[in-house]
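As given, the protein sequences belong to chains A, B and C, one line each in that order.
Under the numbering used here, the first residue of the first sequence carries the number 1, and numbering increases by one thereafter.
Under the numbering used here, the first residue of the second sequence carries the number 1, and numbering increases by one thereafter.
Under the numbering used here, the first residue of the third sequence carries the number 1, and numbering increases by one thereafter.
Even for Gly, the Cβ is constructed at its ideal location relative to N, Cα and C.
Keep in mind it's a predicted model, so treat the numbers as computed, not measured.
Okay, so here's the structure we're looking at.
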Amino acid sequence: MNIVVAIKHIPSIADELPVNGSNIDFDSVDFVLNEFDEQSIEQAVLVKEASGGTVTVVGVDLIGELDNVLHLALAKGADNAVKITADEPGADSHQQAGWLAEAIRGMSPDIVFTGVQASNDLDGQIGPMLAAYLDLPYIGGVSSVEVNGGTATVNKEFAGGVGAKYAVSLPVVVGVQAASKPPRYAPISKVRQIAQTAAIGKVAPSGDGAGAGLALKKMAPPVATGHAEMLTGSSKDVAAKIVELLKSKGLA
Amino acid sequence: MAPKYQKAIAIEKEQAVVDGVDISGHWNRMFEQRVIFEYTPELIEKVASIPGAESFANCYQCAKCIAVCPVDVVGNYGPRKLYRYAQTGLDLTEAPELWLCTTCANCLRVCPKEVNMVKIMPAAREQAILDGKFVPNELQQAFEATANTGNPLGQPQRKREAWIQNAGVEVPVLRDLGRPVEVLWYVGSYPSYHPRGMDAASAAARIFTALGIDFAILGKEEKDDADSQRLAGEKGLFEMMAEHNIEMFNKYEWNEMVVTGPHELNAFKNVYPKYGFERPVVHYTTFLARHLDRLKPLLKHPVNKKITYHDPCYLGRHNGEYEAPRQLLQAIPGVELVEMDRNRQNGYCCGGGGGGMWMDSFTAKHTTMRLSEKRAMEAASTGADVLAVACPFEVSRFEDAVKSTGNEHVGVLDILELLDKSMRGEP
Amino acid sequence: MSNDVFVITEHMEGKFSDVSFEMVGKAKELASALGGQTVAVVLGGGVDAGVFASDAALQVEDPALVQFNPEACGKVVEALVREKSPRLVLFGWTATGMDLAAWLSARLGQPCVAYVKGISVDGGGLTVSSQVYGGKMIAEVAPQGGMAVLAVLAGSFPVEAGQGSTAASKVASPVPLDGLKIKFVEAVKPAAGDVDITAQAKLVSIGRGIGGKENVELAEELAEALGGTVSASRPVVDAGWLPRTRQVGKSGLKVKPKLYLMLGISGAPEHLEGMKSAELIIAINTDKKAPIFNVAHYGATADLFEVVEAMLELL
Chain A
1 MNIVVAIKHI
11 PSIADELPVN
21 GSNIDFDSVD
31 FVLNEFDEQS
41 IEQAVLVKEA
51 SGGTVTVVGV
61 DLIGELDNVL
71 HLALAKGADN
81 AVKITADEPG
91 ADSHQQAGWL
101 AEAIRGMSPD
111 IVFTGVQASN
121 DLDGQIGPML
131 AAYLDLPYIG
141 GVSSVEVNGG
151 TATVNKEFAG
161 GVGAKYAVSL
171 PVVVGVQAAS
181 KPPRYAPISK
191 VRQIAQTAAI
201 GKVAPSGDGA
211 GAGLALKKMA
221 PPVATGHAEM
231 LTGSSKDVAA
241 KIVELLKSKG
251 LA
Chain B
1 MAPKYQKAIA
11 IEKEQAVVDG
21 VDISGHWNRM
31 FEQRVIFEYT
41 PELIEKVASI
51 PGAESFANCY
61 QCAKCIAVCP
71 VDVVGNYGPR
81 KLYRYAQTGL
91 DLTEAPELWL
101 CTTCANCLRV
111 CPKEVNMVKI
121 MPAAREQAIL
131 DGKFVPNELQ
141 QAFEATANTG
151 NPLGQPQRKR
161 EAWIQNAGVE
171 VPVLRDLGRP
181 VEVLWYVGSY
191 PSYHPRGMDA
201 ASAAARIFTA
211 LGIDFAILGK
221 EEKDDADSQR
231 LAGEKGLFEM
241 MAEHNIEMFN
251 KYEWNEMVVT
261 GPHELNAFKN
271 VYPKYGFERP
281 VVHYTTFLAR
291 HLDRLKPLLK
301 HPVNKKITYH
311 DPCYLGRHNG
321 EYEAPRQLLQ
331 AIPGVELVEM
341 DRNRQNGYCC
351 GGGGGGMWMD
361 SFTAKHTTMR
371 LSEKRAMEAA
381 STGADVLAVA
391 CPFEVSRFED
401 AVKSTGNEHV
411 GVLDILELLD
421 KSMRGEP
Chain C
1 MSNDVFVITE
11 HMEGKFSDVS
21 FEMVGKAKEL
31 ASALGGQTVA
41 VVLGGGVDAG
51 VFASDAALQV
61 EDPALVQFNP
71 EACGKVVEAL
81 VREKSPRLVL
91 FGWTATGMDL
101 AAWLSARLGQ
111 PCVAYVKGIS
121 VDGGGLTVSS
131 QVYGGKMIAE
141 VAPQGGMAVL
151 AVLAGSFPVE
161 AGQGSTAASK
171 VASPVPLDGL
181 KIKFVEAVKP
191 AAGDVDITAQ
201 AKLVSIGRGI
211 GGKENVELAE
221 ELAEALGGTV
231 SASRPVVDAG
241 WLPRTRQVGK
251 SGLKVKPKLY
261 LMLGISGAPE
271 HLEGMKSAEL
281 IIAINTDKKA
291 PIFNVAHYGA
301 TADLFEVVEA
311 MLELL
């Protein structure tokens with residue numbers, strides 16, 4: 001079975017995001033693997049371990065730093081890694097999905113996993129777009145996947161703890177919300193070993209690279225319409241203030 | 001929490017014939033196989049066969065280690081006990097016991113057979129991680145943070161030199177300085193990012209400046225020493241950090257390196273040579289004690305406190321520095337230095353080493369009290385007003401511990417802060 | 001090419017989601033500025049489609065639409081949109097809408113905006129504001145071209161503006177829905193036997209900042225001391241530290257407790273959706289720029305472990 005994982009390298013939101021003009025200042029920001037893609041890598045490896053096959057991880061290399069991410073994926077159990085050398089930090093989801101679709105088409109995938117969403121999906125997520133470009137069905141918000149013969153049984157999550165089981169004839173694109181098990185830990189020594197020995201496939205971006213068709217006018221932190229009343233002092237002071245507040249409202 | 005193992009059952013046989021000789025009677029007990037032989041030594045061998053952990057098999061159960069193991073005081077632990085657990089059915093590579101050792105080396109100090117937990121633990125832990133066995137969650141997060149951001153606190157690399165804005169003196173950064181310096185001061189992760197660590201870092205900057213030391217820091221070119229992560233099983237992570245740090249160290253010209261913390265002292269002095277770095281490295285206490293004749297006149301303001309000093313395991317036992325910190329404290333006017341019972345070579349671990357810094361919630365499940373709490377109580381019992389420390393892990397550990405043991409009256413301060421106080425007067 | 005606004009509504013067990021009404025209400029405003037009509041599209045039977053304040057309501061009935069099926073819904077919506085060429089197609093940014101909006105955009109080659117919080121028409125041009133980067137940034141974009149697909153965050157617009165009544169016209173699917181690759185198998189009820197957090201008056205909610213499964217106990221102690229229960233944000237549940245029945249947020253449960261005490265949760269839009277109507281929201285997070293502080297009533301940038309332990313002593 002050919003299992004493909006399409007990943008997205010995105011600006012880290014751990015810290016403040018610097019702005020340059022009407023967009024993020026991509027030179028000053030760290031890029032990290034989309035956290036939902038951590039889940040989809042894990043889900044792909046779990047499917048491989050249960051049902052056999054090979055896992056190929058492919059991503060658009062926006063700033064030339066995707067190798068670390070790909071090595072980590074290989075250390076977690078992926079078999080092959082491919083990067084699309086775009087060198088375009090601001091590439092939107094449509095562009096990335098287009099390049100990914102071109103690269104993935106030739107892999108004849110049985111199942112394509114990708115994170116259900118990313119925090120920079122201004123123009124939508126790459127999963128559904130990949131499905132459209134590859135002419136495959138799409139189902140997202142998935143929290144467990146089992147493959148038997150040519151059918152994947154997935155659990156799709158709805159709001160309120162409600163879920164539904166679907167049976168999907170392969171090939172399919174799956175938007176992973178959570179793997180059926182939390183992502184495994186890959187020891188750094190294993191990652192480094194792989195960094196020495198692994199060959200990462202490189203492809204140039206192809207296809208028309210059509211963008212999102214959105215003119216970005218402004219990107220700025222939200223203007224707070226309200227703000228919390230901040231409780232100051234030591235942790236003990238804060239705790240005392242909270243308890244007093246709760247008692248005054250009959251909540252403690 | 002003691003692992004499940006069988007108690008030895010005395011065997012006395014009314015009738016015993018061994019190798020054709022009749023030895024029936026109550027005294028034949030010693031000729032019968034003991035309960036130990038109801039188990040195979042396979043689990044001992046499993047540990048001892050891991051490269052680096054061979055000395056585990058040396059143990060002949062004298063139990064001198066148990067008397068000095070800090071974890072045994074608050075639980076059931078120590079090399080001899082681990083050996084016994086392995087003898088009677090515990091697989092150390094899968095057990096929670098694997099993660100309780102802080103590598104304080106007090107056991108090694110007294111062991112007649114040199115059973116070396118400082119080598120055994122990292123080897124067994126590395127094996128456990130490679131085999132995908134249980135690793136405490138908090139520890140994993142510290143590993144991942146170190147790998148991703150260069151420090152176990154998960155703070156942005158870019159912000160590693162932000163503390164110098166509030167140091168009160170100019171702190172030269174090597175990449176902006178453009179010239180050789182006398183002293184490369186390796187600041188460390190906690191002093192760069194943790195609020196109480198930054199207090200000590202600023203104090204150090206002021207002291208070096210007052211002494212006219214020609215120093216500079218790497219700032220955001222510095223990454224964590226990762227020595228504790230290495231001892232917690234992540235050798236690969238240690239090597240990743242070492243590669244980067246050594247490249248940075250070699251990039252600039254300097255004569256001597258001074259470190260804020262004992263764990264980096266251990267890494268740079270004792271482990272980095274294996275990776276091609278061998279230059280003079282000293283802890284700040286050793287460095288400042290050397291300059292005591294010029295430092296003493298600057299210590300103008302009395303600090304009228306009874307102070308007890310906690311010997312950090314990695315400065316004291318592991319690297320032999322016991323006196324310099326005491327000399328510095330005694331140089332401060334008004335200070336009355338009192339010793340805890342367990343001092344110098346027999347110092348009692350704060351629990352931060354060997355990865356313990358990032359496993360408190362886990363170890364709390366397996367001990368009656370945190371090591372830092374036990375030690376804080378010991379400090380308080382000397383009647384001291386201040387517990388002086390010399391390791392960046394310790395301040396936050398002991399501050400938590402004095403609070404949780406009802407000893408808030410005991411202040412916790414790095415020696416740097418005490419020297420600074422005496423230099424500048426009470427703020 | 002019309003100036004109509006299509007709203008793809010969503011329903012489950014005979015009830016429409018709030019965001020369906022929110023979108024219709026907003027659509028009316030937009031359609032009027034654009035000079036077109038509002039059409040509420042209902043996929044599937046088993047629900048009264050005449051409850052919207054739209055100009056028209058179109059209910060597509062087919063056995064394949066009885067349960068939500070992204071493939072079937074996608075085909076139907078694409079066919080309708082190709083036929084009628086509306087100016088705007090609105091989806092909810094929900095479990096269902098997220099399967100369809102970007103897909104439709106790629107199929108049609110028309111722009112899509114996700115995480116939509118605001119939409120306005122000014123002089124024939126469209127400006128859409130979107131809450132991206134975990135809520136840390138608002139992007140303002142002008143979709144180019146003759147059509148735009150917008151995926152709207154629940155809670156962005158008032159519900160009442162979309163409620164009303166319109167005669168619904170029922171039609172069959174404009175495209176054949178046989179030979180589908182995706183088949184609905186069965187509903188999965190939430191795990192029984194655990195606490196129902198939606199029925200709790202006081203919740204102590206933990207986020208990634210709790211550090212690890214070992215620390216969940218501390219939060220449970222606090223919850224117990226307060227007479228409440230522990231809930232969590234999605235990452236905590238995905239990591240396996242708490243069961244999914246404790247999850248608050250867009251893909252979890254919506255709660256409206258008297259007290260929502262948040263520890264180490266940054267306040268990303270997906271979480272806010274689940275709890276922003278709580279009566280008293282207190283947030284503890286070491287990041288002073290965490291989006292939650294714009295929503296919480298009280299906050300503190302303190303170490304959550306220290307605060308919790310201190311609170312336990314006082315309670």
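> Roughly how many whole angstroms lie between the Cα atoms of residue 102/B and residue 355/B?
Replying inline: By one-based count along the second sequence, residue 102/B stands at place 102. By one-based count along the second sequence, residue 355/B stands at place 355. Going from the Cα of residue 102/B to the Cα of residue 355/B covers about 7 Å.
>> Buried or exposed, going by whether 16 or more other CB atoms sit within 10 Å of the CB of residue 62/B?
In response: The count along the second sequence starts at 1 and reaches residue 62/B at position 62. With fewer than 16 other Cβ atoms within 10 Å, it is exposed.
> Ordered along the chain, which non-local residues of its own chain (more than five positions away) have a Cβ less than 8 Å from that of residue 292/B?
Replying inline: In the second sequence, counting from the first residue as 1, residue 292/B sits at position 292. Once the five neighbours on either side are set aside, the close Cβ partners of residue 292/B are 327, 328, 331.
>> Run through chain B and tell me which residues come within less than 8 Å of residue 215/C, C-beta to C-beta.
In response: By 1-based counting over the third sequence, the position of residue 215/C is 215. Near residue 215/C (Cβ distances below 8 Å), the residues of chain B are 138, 361.
> What residues from the stretch 274–286 of chain B come within 7 Å of chain C, judged by C-beta to C-beta, listed N to C?
Replying inline: none
>> Which of the three DSSP states is assigned to residue 293/C in this structure?
In response: Residue mapping note: residue 293/C aligns to position 293 of the third sequence, counting from 1. The answer is helix: DSSP assigns residue 293/C an H, G or I state.
>> Does any residue of chain B have a CB that is nearer than 9 Å to the CB of residue 211/C?
In response: Here the question's residue 211/C lines up with position 211 in the third sequence. Contacts with chain B at 9 Å (Cβ-Cβ) include residue 211/C.
> Since residue 12/C sits in a beta bridge, which residues does DSSP pair it with?
Replying inline: Here residue 12/C corresponds to residue number 12 of the third sequence, with the count starting at 1. Answer is 15/C.
>> Let's see if you can read the secondary structure: which residues bound the alpha helix (DSSP H) around residue 365/B?
In response: For this step, residue 365/B is matched to residue 365 along the second sequence. Element bounds for residue 365/B: n/a, residue is neither H nor E.
> Taking Cβ-Cβ distances below 9 Å as the criterion, which residues of the stretch 126–146 of chain C are in contact with chain A?
Replying inline: 127, 128, 129, 130, 131, 132, 133, 134, 135, 136, 137, 138, 139, 140, 141, 142, 143, 144, 145
> What first and last residue would you give for the beta strand (DSSP E) that runs through residue 11/A?
Replying inline: In the first sequence, residue 11/A corresponds to position 11, counting from 1. Counting along the chain, the beta strand (DSSP E) containing residue 11/A begins and ends at 9–11.
> CB-CB under 6 Å to residue 157/C, same chain, minus the five flanking residues each way: which ones, in chain order?
Replying inline: By one-based count along the third sequence, residue 157/C stands at place 157. Here residue 157/C has 22, 25, 26 as same chain residues with Cβ atoms under 6 Å from its own Cβ, once five neighbours each way along the sequence are excluded.
> Just the Cα atoms here: how many angstroms apart are residue 219/C and residue 138/B?
Replying inline: Counted from its first residue, the third sequence places residue 219/C at position 219. Counted from its first residue, the second sequence places residue 138/B at position 138. Whole-angstrom Cα-Cα distance: 16 Å.
> In this structure, what does DSSP give as the bridge partners for residue 261/C?
Replying inline: Numbered from its first residue, the third sequence carries residue 261/C at position 261. BP columns for residue 261/C point to 204/C, 282/C.
>> Short of 8 Å in beta carbon distance, which residues of its chain neighbour residue 1/B, apart from the five on each side in sequence? Order them along the chain.
In response: Counting from 1 along the second sequence, the entry for residue 1/B is found at position 1. With a pLDDT of 49 at residue 1/B, under the threshold of 50, the modelled position of this residue cannot be trusted; read the value that follows with caution. Excluding sequence neighbours, residue 1/B sits near 75, 76, 96, 365, 366.
> Which residues in chain A sit within 8 Å of residue 240/B, going by Cβ to Cβ distance?
Replying inline: In the second sequence, residue 240/B corresponds to position 240, counting from 1. Per Cβ cutoff of 8 Å: 188, 192.
>> Quick check on residue 279/C - is its C-beta less than 9 Å from some C-beta in chain B?
In response: Taking the first residue of the third sequence as position 1, residue 279/C is located at position 279. With 9 Å as the cut-off, residue 279/C does not count as an interface residue toward chain B.
> Quick one: is residue 32/A near chain B, going by C-beta distance under 9 Å?
Replying inline: Mapped onto the first sequence, residue 32/A falls at position 32. Proximity of residue 32/A to chain B, defined by a Cβ-Cβ separation below 9 Å, is satisfied.
> What residues in its chain sit with their C-beta under 8 Å from that of residue 303/C, if we drop five residues either side in the sequence?
Replying inline: Reading the third sequence from its first residue, position 303 is the one you call residue 303/C. Around residue 303/C: 286.
>> Strictly by DSSP, which residues pair up with residue 83/B?
In response: On the second sequence, position 83 is the one that residue 83/B refers to. Paired residues: none, contrary to the question.
> For the stretch 112–138 of chain B, which residues have a beta carbon sitting closer than 8 Å to at least one beta carbon of chain A?
Replying inline: Cβ contacts with chain A: 126, 129, 130, 132, 135.
>> Give me the subset of the stretch 11–25 of chain A whose CB atoms are less than 8 Å from a CB atom of chain B, sorted by chain position.
In response: 14, 15
> Looking only at C-alpha atoms, which of 176/C, 153/C, 127/C, 93/C sits nearest to residue 216/A?
Replying inline: As a working mapping, residue 216/A is identified with position 216 in the first sequence. Taking only the C-alpha atoms, the option nearest residue 216/A is 127/C.
>> Assuming residue 72/A and residue 176/A are in contact, meaning their beta carbons sit under 8 Å apart, how far apart are those beta carbons, in whole angstroms?
In response: Residue 72/A sits at position 72 when you count from the first residue of the first sequence. Residue 176/A sits at position 176 when you count from the first residue of the first sequence. Not quite, the Cβ-Cβ distance comes to about 17 Å (not below 8 Å), so this is no contact.
> In angstroms, rounded to a whole number, what distance separates the CA positions of residue 388/B and residue 202/A?
Replying inline: In the second sequence, the residue the question calls residue 388/B occupies position 388. In the first sequence, the residue the question calls residue 202/A occupies position 202. Going from the Cα of residue 388/B to the Cα of residue 202/A covers about 56 Å.
>> Between residue 1/B and chain C, is the shortest Cβ-Cβ distance under 9 Å, so that the two count as touching?
In response: The residue you call residue 1/B lines up with position 1 of the second sequence. Bear in mind that a pLDDT of 49 at residue 1/B, under 50, signals an unreliable position, so the model cannot answer this.
> Out of curiosity, what's the CA-to-CA distance linking residue 111/C and residue 147/C?
Replying inline: Numbered from 1 along the third sequence, position 111 holds the residue referred to as residue 111/C. Numbered from 1 along the third sequence, position 147 holds the residue referred to as residue 147/C. Cα to Cα, the separation comes out at about 7 Å.
> Where does residue 308/B land, buried or exposed, given buried means 16+ other C-beta within 10 angstroms?
Replying inline: Taking the second sequence and counting its residues from 1, one reaches residue 308/B at position 308. It counts as buried.
> Tell me, which residues are paired with residue 143/C by DSSP?
Replying inline: Taking the third sequence and counting its residues from 1, the one referred to as residue 143/C is at position 143. Paired residues: 214/A.
>> Only counting the same chain, and skipping five residues up and downstream in sequence, which positions put a Cβ closer than 7 Å to that of residue 117/A?
In response: If you number the first sequence from 1, residue 117/A lands on position 117. Excluding positions up to five away in sequence, the list reads 36, 125.
> If you drop the 5 nearest sequence neighbours on each side, which residues of the same chain put their C-beta closer than 7 Å to that of residue 156/A?
Replying inline: Position 156 of the first sequence, counted from the start, is the residue given in the question as residue 156/A. Same-chain partners within the cutoff: 139, 141, 142, 163, 164, 166.
> For the beta strand (DSSP E) that residue 283/B lies in, which residues bound it at each end?
Replying inline: Working through the second sequence from its first residue, we reach residue 283/B at position 283. Note, residue 283/B: beta strand (DSSP E), 281–283.
> Smallest Cα separation from residue 198/A: which of 10/A, 81/A, 13/A?
Replying inline: For the purposes of this step, residue 198/A is identified with residue 198 of the first sequence, where counting begins at 1. Here the closest residue by C-alpha is 81/A.
> What distance in whole Å lies between the Cβ atoms of residue 250/C and residue 159/A, which are believed to be in contact at a cut-off of 8 Å?
Replying inline: Here residue 159/A is taken as the residue at index 159 of the first sequence, counted from 1. Here residue 250/C is taken as the residue at index 250 of the third sequence, counted from 1. At roughly 6 Å, the Cβ-Cβ gap stays under 8 Å, so residue 159/A and residue 250/C are in contact.
> Considering only residues of the stretch 131–171 of chain A, which uninterrupted beta strand (DSSP E) runs meet the minimum length of 3 residues and lie entirely inside it, listed in chain order?
Replying inline: As far as the stretch 131–171 of chain A is concerned, its whole beta strand (DSSP E) runs of at least 3 residues are 138–148, 151–157, 163–169.
> Which ranges would you report for the alpha helix (DSSP H) in the stretch 10–65 of chain A if only whole runs of at least 4 residues count?
Replying inline: 35–51
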